[in-house]
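K.L.:
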Amino acid sequence: MSKLSQHAVIGVLAVALFVAQICRLSLIAADDPAGDTGTAERQALLKEMRSAAAAIKVTEKAGEQLRPAKLVEEPIFRYSDEQRFIRDATMWIWTVEGRPVSVMKLERYSFPDPKRHWLFNIGSASPNLLTVTWPFDREFESKKPGLLFQPLSSGPELAETKGARLIQLKQLSRRFAATMTGGGADDAKTEMRLLPTPLFRYASPPDQIADGALFGLSATGTNPDAMVAIQWRGEKESARWEFGITGLTNGGLQVRLDDKPVWSQPYLVSRGQVFETWTWFFSERVE
Numbered sequence: 020m021s022k023l024s025q026h027a028v029i030g031v032l033a034v035a036l037f038v039a040q041i042c043r044l045s046l047i048a049a050d051d052p053a054g055d056t057g058t059a060e061r062q063a064l065l066k067e068m069r070s071a072a073a074a075i076k077v078t079e080k081a082g083e084q085l086r087p088a089k090l091v092e093e094p095i096f097r098y099s100d101e102q103r104f105i106r107d108a109t110m111w112i113w114t115v116e117g118r119p120v121s122v123m124k125l126e127r128y129s130f131p132d133p134k135r136h137w138l139f140n141i142g143s144a145s146p147n148l149l150t151v152t153w154p155f156d157r158e159f160e161s162k163k164p165g166l167l168f169q170p171l172s173s174g175p176e177l178a179e180t181k182g183a184r185l186i187q188l189k190q191l192s193r194r195f196a197a198t199m200t201g202g203g204a205d206d207a208k209t210e211m212r213l214l215p216t217p218l219f220r221y222a223s224p225p226d227q228i229a230d231g232a233l234f235g236l237s238a239t240g241t242n243p244d245a246m247v248a249i250q251w252r253g254e255k256e257s258a259r260w261e262f263g264i265t266g267l268t269n270g271g272l273q274v275r276l277d278d279k280p281v282w283s284q285p286y287l288v289s290r291g292q293v294f295e296t297w298t299w300f301f302s303e304r305v306e
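Going by the numbering used here, the letters in the sequence shown line up with residues 20 to 306, in that order.
(1) Looking at the unbroken alpha helix (DSSP H) that takes in G182, where does it start and where does it end?
(2) Return the chain-ordered list of same chain residues with a C-beta closer than 6 Å to the C-beta of N269, the five sequence neighbours on each side being excluded.
(3) Quick one: any contact between the region 125–133 and the region 225–241, if contact means 3 or more CB pairs under 8 Å?
(4) On a CA-only basis, which of F195, D107 and W282 is nearest L167? Give me that one, please.
(5) What would DSSP say about S257, mapped onto helix, strand or coil?
(6) Excluding five sequence neighbours on each side, which residues of the same chain lie with their C-beta closer than 7 Å to the C-beta of D107?
(7) So within the region 201–225, which uninterrupted beta strand (DSSP E) runs reach at least 3 residues, ignoring any that extend past its ends?
(8) Using only the alpha-carbon positions, how far apart do I95 and I228 sit?
(9) Is G231 helix, strand or coil when you go by DSSP?
(10) In terms of alpha-carbon separation, which member of W297, F104 and Q250 lies closest to S223?
(11) May I ask you to report which of helix, strand or coil DSSP gives R304?
(12) Tell me the DSSP secondary structure of G14 in three-state form.
(13) In whole angstroms, what is the alpha-carbon distance linking T151 and L188?
(14) Just verifying my parser: in three-state terms, what is the DSSP assignment at Q284?
(15) So, for R212: in the same chain, excluding its five sequence neighbours on each side, which residues have a beta-carbon less than 6 Å away from its beta-carbon?
(16) Using a Cβ-Cβ cutoff of less than 7 Å, which residues in the same chain neighbour L191 once the five nearest sequence positions on both sides are dropped?
(17) How should F139 be labelled, buried or exposed, when 16 other C-beta atoms within 10 angstroms of its C-beta is the threshold for buried?
(18) For E295, collect the residues of the same chain with a Cβ closer than 7 Å to its Cβ; drop the 5 residues on either side in sequence, then sort them by chain order.
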């Protein structure tokens with residue numbers, strides 16, 4: 020081998036070793052949580068939000084019977100919303116006998132005022148009444164059911180497997196569309212996005228619910244402003260698909276099924292923070 024060829028080989032090997040060392044250092048940095056401030060911040064915020072959700076008590080009232088609801092330990096959804104200055108947010112579910120009864124959005128804002136750092140938005144997803152209590156002397160009682168179910172016609176017979184049922188649920192969800200409106204007659208309407216993956220999947224044998232799912236509708240594309248619940252309920256010949264809708268915003272909402280209006284909510288801005296089925300408030304603390 021000529022001296023020129025030897026020098027060329029040595030040069031190539033040196034470059035290869037340099038690139039390999041850079042890659043190794045990059046992998047070490049990627050595996051070091053302390054070096055990833057974004058990940059560390061998300062983990063810290065999630066820890067705060069998890070503690071906040073765990074401290075909230077939800078009770079369902081069915082007639083004279085009080086049923087403590089169980090918190091699903093992990094958030095069902097996590098999102099951010101630059102349009103609304105939300106840095107990070109999670110959604111949480113409480114259940115009774117497996118079915119959802121309450122949904123909360125817990126959002127971390129970028130506002131400089133510490134009293135507006137956290138927003139709690141919690142509402143009913145129950146056909147009964149709810150009581151919600153926080154550890155910092157706050158309570159909410161719903162005045163009417165959060166979800167009223169209606170028959171969902173033209174649906175298929177319930178499939179045998181869980182995977183096939185998920186396909187059915189997604190197909191049924193695509194029959195829904197929604198619009199958000201503001202308070203003025205000239206305010207633009209926003210067509211809402213149906214989030215393609217269910218927020219929560221459930222079943223409740225005691226309530227004759229074989230399968231069901233909650234789907235989110237968002238005006239900004241990431242932040243669920245309303246939910247559609249779709250479930251198969253009943254015994255044998257009387258079993259059927261049914262749906263219920265609830266809002267998680269003070270914006271005006273119109274929801275359509277097969278392009279026909281089936282549910283609406285008026286524009287609620289400037290009407291307070293406590294409504295019949297849900298409430299919201301800012302706080303500088305989460306516990």
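The beta-carbon is built from N, C-alpha and C at its ideal position, and this holds for glycine as well.
P.N.:
The structure says:
(1) Counted as a single uninterrupted DSSP element, the alpha helix (DSSP H) harbouring G182 occupies residues K181 to S192.
(2) L287 and V288
(3) no
(4) W282
(5) helix
(6) R61, L64, S99 and R127
(7) 219–223
(8) 20 Å
(9) strand
(10) Q250
(11) Three-state result, R304: coil.
(12) Look at the range of the chain in this structure, 20 to 306, and you will see that residue 14 is not part of it.
(13) Residue 151 is actually Val in this sequence, not Thr. Cα to Cα, V151 sits roughly 30 Å from L188.
(14) strand
(15) The beta carbon of R212 sits closer than 6 Å to the beta carbons of S237 and G240 from its chain, once the five residues preceding and following it are set aside; these are given in chain order.
(16) L171, G174, I249 and W260
(17) Buried, since its Cβ has 16 or more Cβ neighbours within 10 Å.
(18) These residues qualify, in order along the chain: S161, K162 and K163.
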